[in-house]
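Chains as they are written, first to last, in the working numbering: chain A, 148 to 528; chain B, 2 to 258.
Quick reminder that beta carbons are idealized off the backbone N, C-alpha and C, glycines included.
Everything on this sheet refers to the single structure shown next.
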């Protein structure tokens, strides 16, 4: 199976105030008076250019996602961003990975995705996140019943896409007397679907049952490998076979002429990504009921490397981070794909306050020097 | 040596742990939205009453029922609990969230309640004197807000909370959020408070940092046969700061009516 390369973007708001370290977190309560729409406009221009460049240079897909009340992402409603990118891109698949269904009426989300799929002539791919703990502090939806509501939303959306309407749905959270959304998705039976999560067994089981792909994000390499296997096992239990392309591998990459130059140009931005842009609190990460008590105890006992605190060597070994020459990065990615049993590379090529020129350089070198190397070698088999 | 005897029973399919002490007219104590404080303070009432202190489902040593989504589920549960405990008529003391529960019970089954004591009850939304949103405040900040003088509570808390302690608090916060995340208060609740007809004592710590003492007068206006006692120097868990309040409540409960 050929390798597939995505470029994922978080679209951070990079103009943090000088005193931002005074704030324990850049999520949920970080004051929105620090958001300057004129600067936001400039950032959108740059980020769109970067994603369009990825399309022009032959990336297979561009990836967007949703976060609220934070500098981490300027995509509170990623479908709006996706709609703007569709006419600007030609061949790249548009991945909205994704909107947490719990914060939308399910018919409306099914409709938005169908519109994007039709507008893009079937280029849409979808991931369903439960939403981080932070999103539950920012939206009027209880984290306690989040998983139950999530299941029901998924059922409604799949029904909306696959059953001829009008149909009905009488559930715990939603009642539809006439579920009959226009338009219907371009791809049949519906766009490719994934679940994204941080490894909760409950979430993996949903992907397994529905035969969806699964992407674990911000979990250490060793655990990610176990989770991929767990998904394969659980999916088999439900009669599904998970293909390698259903296991997108989230990674951070920076390519430059030499190892020294790559590290010199990149590490500060990566550090700020972890320390500043992903700076959260235990309370934000785990609102009551969001995790089972067992999961909460496990997570509170383990150090959370993702949210605050930085040690480049430790982080590079723990997460999927490749920094260096094209050859080194290609080898690293090839090794990951073999080990993780995937052919689906989902690379973040712009992080934190990385200036436009570095992002353009990184995207270009990745497209012209890394992707061809990996395609020639065929990647993991 | 505690006067209380621990009993374990199954009520409506839920493991229930109840502590009881004394003989006589049943006096049921409903704890609030967390159980860090314990209930040893209720011992003096056992001289005159059969004091019954259950852990609500989802709290302390009792089991969980994730189908409980609002306070009325607890009213239904307690009807079964009273059957199991052979309690017909009783007096009720409710603290904070337990005060809300006690009041709901009194609205719906007032004929079974002789006297009602509400200690800083939860349940009213008064925009000028808003209840602190304990769901939004980090746990380590909520705990000192429970009392006026933190030293009175600190001595009974772990210095370095371990995973079990943190897990237990998270579980109780989950139960609380199940009831109150989306709807912290029920706007129809005050509509029916006139049905609380039994003698009612409303007790409030003047320095309550969670539910402002100004709430006391609104409760008094809404509950016909009620009186207010404000405790100087008392916080939300008023008996922690001012143990003498236990005697004040005891006198109200055992006084002629």
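>> So within the stretch 267-339 of chain A, which uninterrupted alpha helix (DSSP H) runs reach at least 4 residues, ignoring any that extend past its ends?
In response: Look at the stretch 267-339 of chain A and you find these whole runs of alpha helix (DSSP H), each 4 residues long or longer: 280-285 and 293-309.
> Beta-carbon of residue 443 of chain A versus every beta-carbon of chain B: anything under 8 Å?
Replying inline: At a cut-off of 8 Å between beta-carbon atoms, residue 443 of chain A makes contact with chain B.
> So, does the CB of residue 178 of chain B fall closer than 8 Å to a CB anywhere in chain A?
Replying inline: At least one CB atom of chain A sits nearer than 8 Å to the CB of residue 178 of chain B.
> So which residues on chain B does residue 300 of chain A lean against when the C-beta distance must stay under 9 Å?
Replying inline: Under the 9 Å cutoff, chain B gives no residues; its nearest Cβ is about 16 Å from residue 300 of chain A.
> Ends of the beta strand (DSSP E) at residue 244 of chain A?
Replying inline: The continuous beta strand (DSSP E) containing residue 244 of chain A extends over residues 240-244.
> residue 290 of chain A versus chain B: which residues are under 9 Å apart at the beta carbon?
Replying inline: Neighbours of residue 290 of chain A in chain B, taken as residues at a C-beta separation under 9 Å, are given in chain order as 175, 178 and 182.
>> Under 8 Å, Cβ to Cβ, is there at least one residue of chain A near residue 212 of chain B?
In response: Not one chain A Cβ lies under 8 Å of residue 212 of chain B.
> For the putative contact between residue 509 of chain A and residue 496 of chain A, defined by C-beta atoms under 8 Å, what is the C-beta separation to the nearest angstrom?
Replying inline: Between residue 509 of chain A and residue 496 of chain A the beta-carbon gap is near 5 Å, inside 8 Å, which marks them as a contact.
>> Just checking: is the beta-carbon of residue 168 of chain B within a distance shorter than 8 Å of some beta-carbon in chain A?
In response: Taking a beta-carbon distance threshold of 8 Å, residue 168 of chain B counts as an interface residue toward chain A.
>> Alpha carbons only, please: which of B:49, B:3 and B:166 is nearest the one belonging to residue 40 of chain B?
In response: Looking only at B:49, B:3 and B:166, the smallest Cα-Cα distance to residue 40 of chain B is reached by B:3.
>> Considering only the alpha carbon of each residue, which of B:210, B:254, B:230 and B:177 lies closest to residue 218 of chain B?
In response: Closest option to residue 218 of chain B, Cα to Cα, is B:230.
>> Quick check on residue 535 of chain A: buried or exposed, where buried means 16 or more other Cβ atoms within 10 Å of its Cβ?
In response: What the structure shows of chain A is the stretch from 148 to 528, and residue 535 of chain A is not part of that stretch, so it cannot be assessed.
> What in chain A is Cβ-close to residue 136 of chain B, meaning under 9 Å?
Replying inline: Simply 434 and 435.
>> Alpha carbons only, please: which of B:216, B:207, B:211 and B:223 is nearest the one belonging to residue 243 of chain B?
In response: Checked all of B:216, B:207, B:211 and B:223; the closest Cα to residue 243 of chain B is B:207.
> Going by the beta-carbon positions, is the gap between residue 1 of chain B and residue 88 of chain B smaller than 8 Å?
Replying inline: Nothing can be reported for residue 1 of chain B: it is not among the residues displayed for chain B, which extend from 2 to 258.
> residue 92 of chain B lies in the beta strand (DSSP E); which residues open and close that run?
Replying inline: It spans 91-96 - the beta strand (DSSP E) in which residue 92 of chain B sits, taken as one unbroken run.
>> Using 8 Å for Cβ pairs, my map puts residue 419 of chain A next to residue 499 of chain A. What's the rounded Cβ distance?
In response: About 4 Å; that satisfies the 8 Å criterion.
> Whole alpha helix (DSSP H) runs in the stretch 401-444 of chain A with 4 or more residues, listed along the chain?
Replying inline: If we require 4 residues or more, the alpha helix (DSSP H) runs fully inside the stretch 401-444 of chain A come out as 406-419 and 429-432.
>> So the candidates are B:22, B:157 and B:83; which of them puts its Cα closest to the Cα of residue 52 of chain B?
In response: Looking from the CA of residue 52 of chain B, the closest CA among B:22, B:157 and B:83 belongs to B:22.
>> Taking 7 Å as the limit between beta carbons, can you name the residues of its chain near residue 229 of chain A, skipping five residues before and five after?
In response: So the qualifying residues of the chain are 211, 241, 243 and 263.
>> So, at 8 Å on beta carbons, what are the nonlocal neighbours of residue 172 of chain A in its own chain, with the 5 sequence-adjacent residues on each side left out?
In response: Taking C-beta separations shorter than 8 Å and ignoring five residues to either side along the sequence, the partners of residue 172 of chain A in its chain run 426, 427, 428 and 431, following chain order.
>> Taking 8 Å as the limit between beta carbons, can you name the residues of its chain near residue 256 of chain A, skipping five residues before and five after?
In response: These residues qualify, in order along the chain: 246, 248, 300 and 304.
> Which value, in whole angstroms, describes the spacing of the CA atoms of residue 78 of chain B and residue 47 of chain B?
Replying inline: For residue 78 of chain B and residue 47 of chain B, the distance between alpha carbons rounds to 24 Å.
>> Does any residue of chain A have a CB that is nearer than 8 Å to the CB of residue 75 of chain B?
In response: For residue 75 of chain B, the closest Cβ of chain A is not nearer than 8 Å.
>> Check whether the stretch 276-292 of chain A and the stretch 309-317 of chain A touch, using three or more Cβ-Cβ pairs below 8 Å as the test.
In response: Output reads no: the stretch 309-317 of chain A does not touch the stretch 276-292 of chain A.
>> Can you tell me where the beta strand (DSSP E) holding residue 15 of chain B begins and where it ends?
In response: Start and end: 15-22.
>> For the pair the stretch 357-364 of chain A and the stretch 378-397 of chain A, tell me if three or more CB-CB distances fall below 8 Å.
In response: Touching, per the Cβ criterion.
> Given a threshold of 16 other Cβ atoms within 10 Å of its Cβ, counted over all protein chains shown, does residue 38 of chain B qualify as buried or as exposed?
Replying inline: Classification of residue 38 of chain B: buried, given that the 10 Å Cβ count is 16 or more.
>> Just to confirm my understanding: we take residue 153 of chain B, look at its own chain, exclude 5 residues before and 5 after, and list those with CB closer than 7 Å. What are they?
In response: Hits under 7 Å: 241 and 242.
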